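Residue 0 is where the sequence shown starts when you use numbering that gives the first Met the number 0, and the numbers rise one by one after that. Note that the Cβ used here is the ideal one computed from N, Cα and C, for glycine as well. Here the structure is a predicted model, which is why all the values come from computation and not from measurement.
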Amino acid sequence: MREVGGDVEPRTPEGCEECLKAGDGWVHLRLCMACGHVGCCDDSKNKHASKHVRASGHPVVRSLEPGESWLYCYPDDLFYDPEG
């Protein structure tokens, strides 16, 4: 995960890209570290972050929750927290 860049800007910092378009809500937000897509977590009914990973092949997301800085790699099922 060391090669994952830290300067990715969220495309929709106000929320999940697809949920905003559909008028849906979400539980937590995840940021794609490859392209800046913002998707809802797997606890959300639509699971847009996971769907984006499968459709795009972009494997790593970061939590967009306040106070969280962890990353997750889907193919390796690996969490990484740079804070600890």
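Among the bridge pairs identified by DSSP, V60 is matched with C31 and Y71. Rounded to whole angstroms, L19 and A54 show a C-alpha spacing of 19 Å.
Between H51 and C40 a beta carbon distance of about 12 Å is seen, past the 8 Å cut, so the two are scored as non-contacting. Taking the Cα of M32 as reference, the smallest distance to any Cα among L63, D75 and D76 is reached at L63.
Per the coordinates, the alpha-carbon of D23 lies some 16 Å from the alpha-carbon of P12.
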